[in-house]
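This report concerns only the one structure given below.
Protein chains in written order, with the numbering used here: chain A, 673 to 1077; chain B, 18 to 247.
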């Protein structure tokens, strides 16, 4: 389906920023072939972006940088001074807030202390590495044979060989080792978090089991997010999730580009109920596109290789970028091999259509009219109303031998 | 629920580690603190230790300078803006939760500082000598006249961008010049994705209209090597 000029305008900005996919760029190219106005506008957007990007950004001299460093360090302990337009109401509010805080403090029994309810549990203050000063107010809770503790208003049952750090000021448990079952009473506005090496479980009021490899909700609802703040999903009562998720098995392609990618790493068998890697994969694909836009084809290939073993949509896009990286280096044979992998292994994706047309285009432009004709005919047979149907038909008409009269 | 053992000494050889390294390693600006930032450094910064803050400053000052300079254009106030950014960062370390990397966090502060400056409307004229105050030499492969022409062109473009609303301008520059994704721009500017897309689109439209009205500028942009494709 042909794109409107408005859609092209939006894609044009994405392309200038290195965010457009290979399929989108092919669509842009197809539109530019027929629309001089959009071509001119794209040239302006691209040119302006390049000028701004290539212009040397302002930088401070060493002396100025030193002045900034000194000034910033000199004010590190001071609260920012801002003009208060409503000083008295704010002061009144602050007094009320302090009174409320005192009331809460009186109502809650010393939350910083970990109360040991039972079992073999050791509680130690957390020290900085090699130092003797307590660090961050955290308490290390260890249990060799299992036990139960009270962390603020939550009770936690520790499995044997469990170690965690309790940060009462943030209501955060950092699980270092082992497994724990947490039962949190609902308290409006107060969240409770368990941080593991790879993910974070956030809860308002519920009961759940967490270990470094996953979480299982027994009651209520929890939110799971990655350590970089990307929400992975929600788990209702009875649901469980393991990190990392299972990967779909992919058929081994018959022919690969000359640079053979590393085999995808195999994750341990898991029982995932959420699709947790899509966001991270999208970020990685965006990075690869940006690398490609900067002309760094090798970097783009390195970034997308680990995605080959993921789900269909991600893997197809990763393969398309992989093929395009060869194209940007002028390695046409490798690019064609890469595109063939895309439409052979992922035939029902948008990337397959773009890849098939790209193969035909490359064959046509590099003196292989026979192959190009076959690819174009295959394209038109498969996508008679496809995005490049008109271009494919025109190209086919140009390279087809004259019919005998 | 089966319990997993603690990561042993050969954890770095496990599939899980490789998976985490290869797949779950987002771009540096959005990297999780746990994998990028030294926890001792973070703890030191939170505690207000001078050595940690100094290390934080040295690590990020060049990037902060670049981001602010890209967003505001050539300005004699760059030193003040960088200083404001780091003062705010140093005073806010108590609120740093460690969910984003330090670089992301300080970038967000830098973006806000730049936005505040743009909103204030105080744009002092840039003396020619101040365009490049750095003592590092620029790319020696570029001829001086080319550099001067490029600077002049960039300055004219920034003059046009001054006429676009700061929020739109910042979103457009972060997306196109700094190559952040829509999600990242939205996070840095604390806006929704829809609002971010809208700002970028309107900035593009307004910039296009202004460039179209200046024939000589349009020709210069086209002559700067921009091709219609890629």
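Backbone N, C-alpha and C fix where the C-beta goes; we use that ideal spot for every residue, glycine too.
Note that the structure is predicted; figures quoted are calculated from it, not measured.
*asked:* Is residue 1001(A) close to chain B? Criterion is C-beta to C-beta, closer than 8 Å.
replied: no
*How would you call residue 120(B), buried or exposed, if buried means at least 16 neighbouring beta carbons within 10 angstroms?*
buried
*Reduced DSSP category for residue 836(A) - H, G, I as helix; E, B as strand; rest coil*: strand
*Within 8 Å (strictly less), CB to CB, does residue 181(B) reach chain A?*
no
_Supposed contact pair residue 1027(A) and residue 1011(A) - C-beta distance, whole angstroms, cut 8 Å_ = 4 Å
_Cα-Cα separation, residue 962(A) to residue 819(A)_ = 51 Å
*Proximal residues to residue 69(B) (C-beta, below 7 Å), its chain only, five neighbours per side dropped*: 58, 61 and 62
*Under the assumption that residue 168(B) contacts residue 234(B) (Cβ atoms under 8 Å), give the Cβ distance between them as a whole number of angstroms.*
14 Å between Cβ atoms; not a contact.
*Locate the alpha helix (DSSP H) running through residue 79(B), then write down its first and last residues.*
67 to 89
*Which chain A residues sit within Cβ distance under 7 Å of residue 196(B)?*
689, 690 and 962
*Report the three-state DSSP secondary structure of residue 748(A) (helix, strand or coil).*
coil
_Exposure of residue 185(B), with buried meaning 16 or more beta-carbon neighbours within 10 Å_ = buried
*Out of curiosity, what's the CA-to-CA distance linking residue 949(A) and residue 814(A)?*
In this prediction, residue 949(A) has a pLDDT of 46, which is less than 50 and means its spatial position is unreliable; nothing more can be read from the coordinates.
_With a threshold of 8 Å between beta-carbons, can residue 740(A) be considered close to chain B, or not?_
yes
*Along the chain, where does the alpha helix (DSSP H) that runs through residue 1047(A) open and close?*
1041 to 1054
*Pick from 976(A), 866(A), 884(A) and 692(A) that is closest to residue 895(A), judged by C-alpha positions*: 866(A)
_residue 726(A): contacting residues in chain B (beta-carbon distance under 7 Å)_ = 167
_residue 1049(A) to residue 688(A) span [Cα, whole Å]_ = 33 Å
*Between residue 938(A) and the rest of its own chain, which residues show a CB-CB distance below 6 Å, the 5 nearest in sequence each way excluded?*
Because residue 938(A) sits at a pLDDT of 36, beneath the cut-off of 50, its placement in the model cannot be relied upon, and the following sentence gives the value as read from the coordinates. If we look at residue 938(A) and ignore the five residues flanking it on each side, it has no Cβ neighbours.
_With the cut-off set at 8 Å, would you say residue 702(A) and residue 1059(A) are in Cβ contact?_
yes
*Flag this pair as yes or no: are the beta carbons of residue 107(B) and residue 973(A) separated by less than 8 Å?*
no
*Who are residue 867(A)'s beta bridge partners in DSSP?*
846(A) and 872(A)
*Under 6 Å Cβ to Cβ from residue 960(A), same chain only, skipping five residues before and after it: list those, please.*
972, 975, 976 and 993
*What's the C-alpha gap between residue 1002(A) and residue 969(A)?*
11 Å
*Look at the Cβ atom of residue 198(B), then the Cβ atom of residue 691(A), and state whether they are nearer than 8 Å.*
yes
*Is the distance from the Cβ of residue 874(A) to the Cβ of residue 838(A) below 8 Å?*
no
*Bridge partners of residue 888(A), per DSSP?*
881(A) and 912(A)
*Given a cut-off of 8 Å, decide if residue 852(A) and residue 884(A) are closer than it, judged by their beta-carbon atoms.*
no
*What does residue 713(A) touch in chain B if you count any residue whose Cβ is under 7 Å from its own?*
225
*From residue 831(A) to residue 881(A), what distance separates their C-alpha atoms?*
10 Å
_Partner residues on chain A for residue 100(B), Cβ-Cβ distance less than 7 Å_ = 740, 743 and 744
_Cβ neighbour criterion (16 or more within 10 Å) applied to residue 49(B)_ = Annotation note: pLDDT 41 at residue 49(B) (below 50); position unreliable, no value reported.
*Could you spell out the range, first to last residue, of the beta strand (DSSP E) harbouring residue 826(A)?*
826 to 830
*Is DSSP giving residue 732(A) helix, strand or coil here?*
coil
*Using Cβ-Cβ distances below 9 Å, what residues of the segment 72 to 95 of chain B are close to chain E?*
Absent here is chain E; the protein component of the structure consists of chains A and B.
*Closest by CA to residue 220(B), which one among 190(B), 98(B) and 195(B)?*
190(B)
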